[in-house]
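If you read the protein sequences in the order shown, they are chains A and B. Taken in order, the first sequence gives residues 1 to 114; the numbers are from my numbering. Taken in order, the second sequence gives residues 1 to 116; the numbers are from my numbering. Backbone N, C-alpha and C define an ideal beta-carbon position, used for all residues, glycine too. Source: prediction; values computed, not measured. Below is one structure, written out as structure tokens; the observations come after it.
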Amino acid sequence: KAGVTQTPRYLIKTRGQQVTLSCSPISGHRSVSWYQQTPGQGLQFLFEYFSETQRNKGNFPGRFSGRQFSNSRSEMNVSTLELGDSALYLCASSYPELGADTQYFGPGTRLTVL
Amino acid sequence: GDSVTQMEGPVTLSEEAFLTINCTYTATGYPSLFWYVQYPGEGLQLLLKATKADDKGSNKGFEATYRKETTSFHLEKGSVQVSDSAVYFCAQTDNAGGTSYGKLTFGQGTILTVHP
């Protein structure tokens, strides 16, 4: 099976812009989680989607949003970018219906905000 | 709240040395425990996992045992190689459901450098 894919791999934006990142889960996985990784804060949970519904959300401002499509692909959007949003954004997929909570990660999207 | 604490790094070893990276957790439910590894410029790769007390996860010579009595999940390898140089993350998820859906809580990561 193909692994989790994320596009684009690298992005450079300026403050105030918005950005959309995409994640395609492993075939058959219906849960997609998003994380932000920074040197200062480490890995922080953003949100999780299952069957097109957001089931869980971390402590991030409303500028961070996401959605999931019927084919389980997910997007996350960050509006009004700030310098502090520069980070590696990782998505992960899992197959929780079987009670399997193991998450498999994509390579990430490196976002730089200038 | 739930948290994971890893030993301070970085860790520098010579090839064939013994590796231990300590990890302790706090959780209100019944967590599954994981070790992930991250190589430069890449995402996280699952290294091993354990889903209940006394389980031992193992992969590629790495091992970790789920110790409920000490709330620990220490990573060990008997003989490290240069190719093991990476950042290692301990993580937990809570099997209680509800607000834990799809959420992994990570430790801060431990940088491992192995010299020839």
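Where does residue i land, buried or exposed, given buried means 16+ other C-beta within 10 angstroms?
i, result
"B:His-115", "exposed"
"A:Val-78", "buried"
"B:Gly-1", "exposed"
"B:Gly-109", "buried"
"A:Arg-55", "buried"
"A:Phe-105", "buried"
"A:Glu-48", "buried"
"A:Lys-1", "exposed"
"A:Tyr-89", "buried"
"A:Gly-66", "buried"
"B:Tyr-39", "exposed"
"B:Ile-21", "buried"
"B:Ala-53", "exposed"
"A:Phe-50", "buried"
"B:Val-82", "exposed"
"A:Ser-24", "buried"
"A:Ser-27", "exposed"
"A:Thr-14", "exposed"
"A:Tyr-10", "exposed"
"B:Tyr-30", "exposed"
"A:Gln-41", "exposed"
With DSSP run on the structure shown, which of helix, strand or coil describes residue i?
i, result
"A:Pro-96", "helix"
"A:Leu-83", "helix"
"B:Val-80", "coil"
"B:Ser-32", "strand"
"B:Ser-100", "helix"
"B:Thr-70", "coil"
"B:Phe-89", "strand"
"A:Ile-26", "coil"
"B:Glu-16", "coil"
"A:Leu-111", "strand"
"B:Glu-63", "strand"
"A:Asn-71", "coil"
"A:Thr-102", "coil"
"B:Gln-108", "coil"
"A:Tyr-10", "strand"
"B:Gln-38", "strand"
At which residues does the beta strand (DSSP E) containing residue i begin and terminate?
i, result
"B:Gly-57", "56–59"
"A:Gly-42", "42–50"
"A:Glu-75", "74–78"
"A:Lys-1", "Here A:Lys-1 belongs to no beta strand (DSSP E), and DSSP marks it neither H nor E."
"A:Gly-66", "64–68"
"B:Gln-45", "44–50"
"B:Tyr-25", "23–26"
"A:Thr-14", "Taken as a continuous stretch (DSSP letters only), A:Thr-14 belongs to no beta strand (DSSP E), as it is neither H nor E."
"A:Arg-55", "53–57"
"A:Tyr-35", "31–38"
Just to make sure I have the definition right: I need the residues of chain A whose C-beta is within less than 8 Å of the C-beta of residue i. Which are they?
i, result
"B:Tyr-30", "Ordered by position in chain A, no residue passes the 8 Å Cβ test against B:Tyr-30, which lies about 11 Å from the chain."
"B:Lys-49", "Thr-102"
Run through chain A and tell me which residues come within less than 7 Å of residue i, C-beta to C-beta.
i, result
"B:Leu-46", "Thr-102, Tyr-104"
"B:Thr-93", "Asp-101"
Counting only Cβ pairs nearer than 7 Å, list the residues of chain B close to residue i.
i, result
"A:Leu-90", "Gly-43, Leu-44"
"A:Glu-82", "Ordered by position in chain B, no residue passes the 7 Å Cβ test against A:Glu-82, which lies about 23 Å from the chain."
Can you tell me whether residue i sits near the ligand GDP, meaning its C-beta is under 6 Å from at least one heavy atom of the ligand?
i, result
"A:Pro-61", "For the structure depicted, the ligand GDP is absent and the ligand set is empty, with no information on it obtainable."
Measure from the C-beta of residue i to each C-beta in chain C and report whether the shortest distance is under 7 Å.
i, result
"B:Thr-24", "Although the question refers to chain C, the structure presented lacks it and instead comprises the protein chains A and B."
For a contact defined as C-beta to C-beta under 9 Å, what are the partners of residue i on chain B?
i, result
"A:Glu-48", "Tyr-101, Gly-102, Lys-103"
"A:Phe-45", "Gly-102, Lys-103, Leu-104, Thr-105, Phe-106"
"A:Pro-107", "Gly-41, Glu-42, Gly-43"
So residue i contacts chain A; which residues on that side make the cut at Cβ distance below 9 Å?
i, result
"B:Phe-89", "Gly-42, Leu-43"
Exercise for the section: Mind checking the stretch 51–66 of chain A against chain B and listing, in chain order, the residues whose C-beta falls within less than 8 Å of any C-beta there? Expected result: Hits within the stretch, in order: Arg-55, Asn-56, Gly-58.
Exercise for the section: Would you list, in chain order, the members of the stretch 101–114 of chain B that have their beta-carbon closer than 9 Å to a beta-carbon of chain A? Expected result: Within the stretch 101–114 of chain B, the qualifying residues are Tyr-101, Gly-102, Lys-103, Leu-104, Thr-105, Phe-106, Gly-107, Gln-108, Gly-109.
Exercise for the section: Return the residues of the stretch 21–43 of chain A that lie within a Cβ-Cβ distance of less than 7 Å from chain B, sorted by chain order. Expected result: Cβ contacts with chain B come from Ser-31, Ser-33, Gly-42, Leu-43.
Practice task
Report the residues of the stretch 52–74 of chain B with a CB closer than 7 Å to any CB of chain A, ordered along the chain.
Solution key: Those residues of the stretch 52–74 of chain B that come within reach of chain A (Cβ to Cβ, closer than 7 Å) do not exist; the list is empty.
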